Structures are given as structure tokens and as C-alpha cells.
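Notes for the one structure printed next.
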């Protein structure tokens, strides 16, 4: 093989491994990006013109979010919420904003033992927040991405790309919005709640049911308490384990239908988010599935 051929093979894009796909249906997916770069490489090789590869970008440092390339963002603060869950704040230059639409997520890239891993996360800060964005993350003991996240500290640079997805919400389209969230599945709900409470013209009623193992593991309680003060926001907690010191008010586990009041307003839309274990931890999940009969059902996460 000639030296020239070796040079071109060294420049050929590498096909992503399964661990590099976050599995969230991103458009473009990392495989779409690979196909695009491979076609670009093939055109450049056919013309023997390496300058055609200059358009290729693997990462950027201009702090502008892009769905095709990874951009570096600085961690400005780290707050531990529980023994395994953290709230990370990332800095944006000046008063710039990610300008995310409701329900949009971004993709994180990490490298663990030489293996590249990608996972999707939904920022919990308002989509138009200026100068920063915040992400809620749970670290799993056996998780590859969790191993990478555990090494983070203030001042580290982390690479993201996006945004992707979205939630088709329009103010006052539905009379009531029912949100079912398990653990960190709370994240995509928060921007929607902020959007409703920040819009004086939006009179949509919202019922958020947050499912957690214990009262101490409820994330962002002060924020949720502030949101619950709005006239059109109701927030309920469903706990799968009772511990000493937990509030004693609530509905007994053997009467789960009481946790799911019939909608008071016409036109109910449901949004469900969280780990699949919600079906194990959520008392009376059958009541949950029955509540939305005859109404639109939207799944998100």
C-alpha cells in the first residue's frame, strides 16, 4: 500500500460504536453525521484534494450549540442533591441563550477507558435562560457515562451537541396537562412548567405527579414548592418507600385510585417521563393508564 493511500486511510472517518448512540432518536443521529463525513471523505479522496476535508468539524469552542458538532461548555457550579444525583450549571458567553424549544434535549459526549459514550439530557433551566443552562444528572454505579460525570468539577470543559426533539405544546390548547415523572424524568417537565407560569395569558391547569423512592430523594423541592404556589399548578408526590420523618399525609398505598383525581377541565393531555422502573415504583399504575382514556396521550423524556 502506498504512503499516499495510508494518508487517506488515516483521514477516513471511523464508524461509531453502539455506545456512541444515545438512543433518543436524534436528528441528525451520530450515524447520520458519520455518513455525511464519510461521503465528504470519499469525494475528497476521489479528487485527491484534502482541502475538501476542512469543512469537517469534530468539536468547537465557540460556545454555540450545534446539532452536528460538539461544543465545549464550562462547568460554573456543581450542587449535589442526593447521594447519586447532581445539578450542574454550565456557562454561556455574555448573556447568550440556548434558545431551546419546549421538550428539546441535548447530547453529552464522554470518553471512558478509551470508549466514547453519548447520552441525552434535557436542561432543567428555562429555554431562554441567559448566560447559563442547568442539567439534572443521576449517576449509576455501573453506568459508563456516570463514571465520566463523577470526575467533573467546577471549571471543567464538557462537550454537548443539539438541540433535538421537542414537545408540541401550545398555550391554552388543552384545558389540563397531566405530567407523570419518575426521578430525573422530572427534568423535561420543568421548562414546560416555567413556560406556563411565565405566560400570564396561559390558563392551562397542570397536575404534576412526581414518583420517587423516598421523601428525601425528591429533587428540587424548593423549586417545586414555588411552582405549586401558582393558582393553576398542582404537585403530588408518590413514594414507593416510607421512611422515618416522612410526611404522614397522603393516600394509603392500598387505595391508589385516589392519587389520580379525575380531570377537572376538558381536553386532557398527558406527558410521561422517567426510567422504566416507574412501573415498579408507582402504586396503582393501572389507574394511571385508565385516566387518559379518550384523551390525547403523549410520551416524552
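In full-length UniProt numbering, the protein residues as written are 1 to 301.
Note that beta-carbon positions come from the ideal geometry of N, C-alpha and C, so glycine has one too.
Bear in mind the structure is a predicted one, so any value in this text is a computation, not a measurement.
- For residue 148, the enclosing alpha helix (DSSP H) stretches over residues 144-149.
- For the options 183, 234, 226, the alpha carbon positioned closest to that of residue 81 is the one of 183.
- In this structure, the straight-line span from the alpha carbon of residue 13 to that of residue 131 is close to 34 Å.
- Counting every other CB atom within 10 Å of its CB across the protein chains shown gives residue 48 a total below 16, marking it as exposed.
- For residue 83, the three-state secondary structure derived from DSSP is coil.
- If you draw a straight line from the Cα of residue 214 to the Cα of residue 231, it is about 27 Å long.
- Under the three-state reduction of DSSP, residue 181 is assigned to strand.
- Taking a C-beta distance under 8 Å as the contact criterion, residue 105 and residue 122 qualify as a contact pair.
- CA-to-CA, the gap between residue 204 and residue 129 works out to about 22 Å.
- Taking 8 Å as the cut-off, the Cβ atoms of residue 154 and residue 97 do not count as close.
- Fully contained in the region 164-229 are the following beta strand (DSSP E) runs of length 3 or more, in chain order: 176-182, 205-212.
- A residue is called buried when at least 16 other Cβ atoms come within 10 angstroms of its Cβ; residue 163 meets this threshold and is buried.
- One Cα belongs to residue 212, the other to residue 176, and the distance between them is close to 23 Å.
- CA-to-CA, the gap between residue 107 and residue 229 works out to about 33 Å.
- Going by beta carbons, residue 158 and residue 75 fall inside the 8 Å limit.
- Spatial neighbours of residue 241 in its own chain (CB-CB distance under 8 Å, excluding positions within 5 residues in sequence) are listed in chain order as 213, 214.
- Residue 136 has 87 as its beta-bridge partners, per DSSP.
- When secondary structure is reduced to three states using DSSP, residue 129 falls in the coil class, being assigned neither helix nor strand.
- Look at residue 74 here: in three-state DSSP terms it is strand.
- The beta carbon of residue 207 sits closer than 6 Å to the beta carbons of 178, 234 from its chain, once the five residues preceding and following it are set aside; these are given in chain order.
- Shown here, residue 41 sits in a helix according to DSSP, grouped into three states.
- Here DSSP, grouped into helix, strand and coil, assigns residue 8 to helix.
- In this structure, the straight-line span from the alpha carbon of residue 88 to that of residue 45 is close to 43 Å.
- Boundaries cannot be given for residue 52, as no beta strand (DSSP E) includes it and DSSP labels it neither H nor E.
- Take the alpha-carbon of residue 109 and the one of residue 141: they are about 18 Å apart.
- Out of 198, 190, 195, the CA that lies nearest to the CA of residue 222 is found in 190.
- Residue burial annotation: residue 161 is buried, with at least 16 other C-beta atoms found within 10 angstroms of its C-beta.
- Residue 143 places its beta carbon 8 Å or farther from that of residue 181.
- The three-state secondary structure of residue 116, taken from DSSP, is strand.
- In this structure, the CA atom of residue 134 is about 41 Å from the CA atom of residue 8.
- Counting only the Cα atoms, residue 149 lies some 15 Å from residue 114.
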